[in-house]
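Student: Structure in structure tokens, see below.
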Amino acid sequence: MDSSYGGCTTHALYYLFKKLLERDYLERALDYPYLVRLNPSIPSKTRGNGAVALNIEIRDSVSIECVASDVAAALRDYITEVRGNTSRACVALALDEVGSRFRELYFKALTDFVHLDYIAKLVSESRDKLVLPLGFSEGCIGALAAIGWDRSRCTYELLIYRDVARAQTIERVVDTDTLAELDRHLEYRTFCNYDYEEERAISIPRGPDPVLLGIRGLDPVKLIDSVKNLKIGEAIGGWLLFKTNQASGAHLAPRASTELKPFRTGCLTGVVIDITTRPGGDVLLEITDGYGSMRAAVFKETGLTRYIRNLVLGDVVRVCGSTKLWDDLKHVLHVELVEVIDLVENYVKNNPKCPKCSARMKSAGRGKGFKCVKCGFKSRNLHLEATIKPREVGVGLYLPGCRSAKHLSIPAPLSKAELENCGVRPSSTADFYF
Ligand SMILES: [Zn+2]
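Mapping the sequence shown onto this note's numbering, position 171 (from 1) lands on 187, and the numbers just tick up by one.
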């Protein structure tokens with residue numbers, strides 16, 4: 017399912033799931049609900065930067081026509097009751113395991129621009145196992161991509177919803193000290209909930225939407241445990257625990273410079289041929305990979321510039337992110353992850369030392385050699401001395417801090433984490449729904 021009401025998409029799924037339970041349609045849940053983030057560089061975010069899906073078994077006694085019409089009705093109710101816009105909302109029911117075409121679509125929607133024609137073709141080819149109760153729209157790109165998610169690398173997010181009556185108020189009554197405490201408990205395996213530098217909760221959204229907070233973690237069972245000491249001072253509507261591709265770096269496919277077209281995501285490996293620090297501190301790199309060269313912008317807010325500005329020409333790096341068009345109409349890779357692969361030796365040239373008194377000599381003028389200011393020794397036979405300057409950046413992976421990491425980026429706290437928990441399944445709906 018995909019829709020244009022941003023933070024509400026997961027909440028709409030929550031509402032829908034509740035209806036399915038009320039009608040007693042569910043035989044069992046085959047997995048946690050999915051929250052699938054898609055290509056962040058697509059200019060119109062309504063094309064599904066985040067889509068959601070349920071993987072469920074419906075009771076034999078229930079017909080698919082019945083589910084389809086109830087799902088459509090529930091969504092229309094939701095839109096009337098909460099808010100939103102139906103024009104781009106899409107619900108897709110896949111009646112069976114989907115094939116490789118859906119996997120391909122997921123990868124394309126994650127890393128590239130998807131044309132509506134591409135989806136129309138897929139829909140028409142899959143007519144026997146696909147139902148679109150709200151009809152065909154742009155939102156179907158996200159909805160079908162969520163169905164095709166390969167679940168190869170996963171994290172989890174527990175989304176706690178507010179009482180619908182409070183959804184329009186900005187202020188959220190959550191004790192942030194207890195949130196910081198939750199974040200510090202390593203055994204819960206949560207990440208990026210609290211920014212200690214700015215003393216601010218990252219997991220609490222700041223706009224008027226139904227999400228009270230979203231706790232991200234690596235282990236679904238421990239994630240539910242983690243919130244038991246959280247002090248929340250307002251009514252809760254309920255919660256839903258999602259399996260997600262967030263923080264997995266799934267969109268960072270290796271690409272040649274010629275393939276990194278506008279609105280694509282990926283990683284470019286090559287040699288730094290130009291480096292400029294712009295006023296304000298952003299760093300612009302030009303990188304060549306043998307096929308061509310490309311600009312890559314590292315923004316100060318990512319926290320990566322303090323390492324990157326110490327690169328020199330000739331260093332070999334892998335830069336990953338998404339490509340956007342700049343005002344000069346050239347495309348630039350917006351970097352969210354940097355790997356320094358190889359560093360050149362950085363030489364500095366100094367005037368020679370005086371052979372008589374060891375003081376540093378001065379140039380005696382062009383072509384006239386060097387002279388010693390201390391003892392007066394002169395020579396035309398001495399040369400500049402090259403010394404290796406220690407590098408201020410090391411080989412290794414550099415990841416953004418939690419504050420600036422986008423949904424799909426791997427944030428610094430996960431640099432060594434194995435995202436191995438995709439296979440975990442809920443034993444009942446109580447494991448993920450309240
Ligand atoms: Zn001297």
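All C-beta atoms in this analysis are idealised placements derived from N, C-alpha and C, irrespective of residue type, glycine included.
Within 10 angstroms of its Cβ, does glycine 64 collect 16 or more other Cβ (buried), or is it exposed?
Tutor: Here residue 64 refers to the residue found at position 48 of the sequence shown. In this predicted model, glycine 64 has a pLDDT of only 43, less than 50, meaning its place in the structure is not dependable; the value taken from the coordinates is given anyway. Classification of glycine 64: buried, given that the 10 Å Cβ count is 16 or more.
Student: So, under 8 Å CB-CB, isoleucine 289 and leucine 228 are touching, yes? Tell me the CB distance rounded to an integer number of Å.
Tutor: As a working mapping, residue 289 is identified with position 273 in the sequence shown. As a working mapping, residue 228 is identified with position 212 in the sequence shown. Actually they are not in contact, since the Cβ atoms of isoleucine 289 and leucine 228 sit about 48 Å apart, beyond 8 Å.
Student: Skipping 5 residues on each side, what residues in its chain have a beta carbon closer than 7 Å to that of phenylalanine 118?
Tutor: To locate residue 118, count along the sequence shown from 1; it is residue 102. If we look at phenylalanine 118 and ignore the five residues flanking it on each side, its Cβ neighbours are Leu160, Ile163, Gly164.
Student: What's the C-alpha gap between aspartate 447 and leucine 257?
Tutor: Locating residue 447 in the sequence shown gives position 431, counting from the first residue. Locating residue 257 in the sequence shown gives position 241, counting from the first residue. Cα to Cα, aspartate 447 sits roughly 8 Å from leucine 257.
Student: Lysine 394: beta carbon under 7 Å from a heavy atom of ligand 1?
Tutor: Taking the sequence shown and counting its residues from 1, the one referred to as residue 394 is at position 378. Checking every heavy atom of ligand 1 against the Cβ of lysine 394, none is found closer than 7 Å.
Student: Helix, strand or coil: how does DSSP classify lysine 340 here?
Tutor: For the purposes of this step, residue 340 is identified with residue 324 of the sequence shown, where counting begins at 1. DSSP places lysine 340 in strand when its eight states are reduced to three.
Student: How about threonine 26 and valine 68: are their beta carbons less than 8 Å apart?
Tutor: Taking the sequence shown and counting its residues from 1, the one referred to as residue 26 is at position 10. Taking the sequence shown and counting its residues from 1, the one referred to as residue 68 is at position 52. Contact: yes.
Student: Expressed to the nearest angstrom, what Euclidean distance is found between the alpha-carbon atoms of valine 174 and lysine 365?
Tutor: The residue labelled residue 174 in the question sits at position 158 within the sequence shown. The residue labelled residue 365 in the question sits at position 349 within the sequence shown. First, the amino acid is wrong: residue 174 is leucine here, not valine. Cα to Cα, the separation comes out at about 57 Å.
Student: Where does the unbroken alpha helix (DSSP H) through alanine 159 begin, and where does it stop?
Tutor: Position 143 of the sequence shown, counted from the start, is the residue given in the question as residue 159. Unbroken alpha helix (DSSP H) run through alanine 159: 155 to 163.
Student: Is there at least one non-hydrogen atom of ligand 1 closer than 7 Å to the beta-carbon of alanine 380?
Tutor: Counting from one through the sequence shown, the residue named residue 380 turns up at place 364. The answer is no for alanine 380.
Student: Could you give the DSSP three-state label for aspartate 211: helix, strand or coil?
Tutor: Numbered from its first residue, the sequence shown carries residue 211 at position 195. Residue state, collapsed to three classes: strand.
Student: Please determine, among Val411, Pro278, Val190, the residue with the shortest C-alpha to C-alpha distance to isoleucine 252.
Tutor: For the purposes of this step, residue 252 is taken as residue 236 along the sequence shown, with counting starting at 1. Closest option to isoleucine 252, Cα to Cα, is Val190.
Student: Give me, in chain order, the residues of the same chain whose beta-carbon lies closer than 8 Å to that of tyrosine 172; leave out the 5 immediate sequence neighbours on both sides.
Tutor: Residue 172 sits at position 156 when you count from the first residue of the sequence shown. Taken in chain order, the residues that qualify are Tyr48, Arg232, Gly233, Leu234, Asp235, Pro236, Leu239, Leu257, Phe258, Lys259, Thr260, Asn437.
Student: Answer with buried or exposed for serine 444, where buried requires no fewer than 16 other C-beta atoms within 10 angstroms of its C-beta.
Tutor: Position 428 of the sequence shown, counted from the start, is the residue given in the question as residue 444. Serine 444 is exposed by the Cβ-count criterion.
Student: How many angstroms separate the CA atom of lysine 124 from the CA atom of histidine 131?
Tutor: The sequence position of residue 124 within the sequence shown is 108, counting from 1. The sequence position of residue 131 within the sequence shown is 115, counting from 1. C-alpha separation (whole angstroms): 10 Å.
Student: Which residue marks the beginning of the alpha helix (DSSP H) containing threonine 25, and which one marks its end?
Tutor: Counting from 1 along the sequence shown, the entry for residue 25 is found at position 9. It spans 24 to 38 - the alpha helix (DSSP H) in which threonine 25 sits, taken as one unbroken run.
Student: With a threshold of 7 Å on Cβ separation, who are the neighbours of alanine 433 within its own chain once the five nearest residues in sequence on each side are excluded?
Tutor: The count along the sequence shown starts at 1 and reaches residue 433 at position 417. So the qualifying residues of the chain are Leu234.
Student: Just to check, is the beta-carbon of alanine 375 closer than 7 Å to a non-hydrogen atom of ligand 1?
Tutor: For the purposes of this step, residue 375 is taken as the residue at position 359 of the sequence shown. Yes, the Cβ of alanine 375 comes within 7 Å of a heavy atom of ligand 1.
Student: Sorted by chain position, which residues of the same chain lie with C-beta nearer than 6 Å to lysine 247's C-beta, five sequence neighbours on each side aside?
Tutor: Position 231 of the sequence shown holds residue 247. Cβ neighbours of lysine 247 beyond the five flanking positions: Asp191, Thr194.
Student: Rounded to whole angstroms, what's the CA-CA distance from serine 431 to leucine 415? Just pull it up for me.
Tutor: If you number the sequence shown from 1, residue 431 lands on position 415. If you number the sequence shown from 1, residue 415 lands on position 399. Distance between the alpha carbons of serine 431 and leucine 415: 7 Å.
Student: On the three-state DSSP scale, how would you describe arginine 232?
Tutor: Within the sequence shown, residue 232 is the residue found at index 216, counting from 1. Arginine 232: strand per DSSP, three-state reduction.
Student: Comparing C-alpha positions only, which one of Tyr122, Cys373, Leu398, Asp179 sits nearest to lysine 384?
Tutor: Taking the sequence shown and counting its residues from 1, the one referred to as residue 384 is at position 368. Of the candidates Tyr122, Cys373, Leu398, Asp179, the one whose C-alpha sits nearest the C-alpha of lysine 384 is Leu398.
Student: Following a CB-centred definition, is cysteine 370 positioned closer than 7 Å to any heavy atom of ligand 1?
Tutor: Position 354 of the sequence shown, counted from the start, is the residue given in the question as residue 370. Yes.
Student: Under the rule that 16 or more other beta-carbon atoms within 10 Å means buried, what is tryptophan 342, buried or exposed?
Tutor: Numbered from its first residue, the sequence shown carries residue 342 at position 326. Exposed, because fewer than 16 other Cβ atoms sit within 10 Å of the Cβ of tryptophan 342.
Student: Taking Cβ positions, are lysine 387 and lysine 378 nearer each other than 8 Å?
Tutor: The sequence position of residue 387 within the sequence shown is 371, counting from 1. The sequence position of residue 378 within the sequence shown is 362, counting from 1. In contact: lysine 387 and lysine 378 (Cβ atoms closer than 8 Å).
Student: Leaving out five residues on either side along the sequence, give the residues of the same chain with a beta carbon under 6 Å from the beta carbon of valine 299.
Tutor: Within the sequence shown, the letter at position 283 stands for residue 299. Take valine 299, set aside five residues on each side of it, and the residues of its chain with a beta-carbon closer than 6 Å to its own are Thr293, Val314, Thr321, Ile324, Arg325, in chain order.
Student: By Cβ distance below 8 Å, which residues in the same chain neighbour cysteine 170 in space, the five residues on each side in sequence not counted?
Tutor: Your numbering for residue 170 matches position 154 in the sequence shown. If we look at cysteine 170 and ignore the five residues flanking it on each side, its Cβ neighbours are Lys259, Thr260, Asn261, Ser264, Leu435, Asn437, Cys438.
Student: Who are the Cβ neighbours of valine 440 in its own chain at under 6 Å, not counting the five residues just before and after it?
Tutor: For the purposes of this step, residue 440 is taken as residue 424 along the sequence shown, with counting starting at 1. Excluding positions up to five away in sequence, the list reads Pro236.
Student: I want to know whether the segment 135 to 153 touches the segment 197 to 207 - three or more CB-CB distances under 8 Å.
Tutor: no
Student: Give me, in chain order, the residues of the same chain whose beta-carbon lies closer than 8 Å to that of glycine 212; leave out the 5 immediate sequence neighbours on both sides.
Tutor: Your numbering for residue 212 matches position 196 in the sequence shown. Note that residue 212 corresponds to tyrosine in the displayed sequence, not to glycine. Hits under 8 Å: Ala196.
Student: Pairing CB atoms from the segment 350 to 364 with CB atoms from the segment 400 to 411, are three or more of them under 8 Å?
Tutor: yes
Student: Between which two residues does the beta strand (DSSP E) containing alanine 67 stretch?
Tutor: Residue numbering aside, residue 67 sits at position 51 when the sequence shown is read from its first letter. Start and end: 66 to 69.
Student: Could you give the DSSP three-state label for serine 140: helix, strand or coil?
Tutor: Against the sequence shown, residue 140 aligns to sequence position 124. If DSSP states are grouped into helix, strand and coil, serine 140 belongs with the helices.
Student: For serine 183, which residues of its own chain have a beta-carbon under 6 Å away from its beta-carbon, when the five flanking residues on both sides are left out?
Tutor: To locate residue 183, count along the sequence shown from 1; it is residue 167. Just to set this straight, residue 183 is alanine in the shown sequence, not serine. Contacts found: Pro226.
Student: Can we say the segment 265 to 277 touches the segment 35 to 42, given the rule of at least three CB pairs closer than 8 Å?
Tutor: no
Student: So if DSSP puts valine 147 in a beta bridge, which residue, or which two residues, is it bridged to?
Tutor: To locate residue 147, count along the sequence shown from 1; it is residue 131. Note: valine 147 sits in a beta bridge opposite Leu109.
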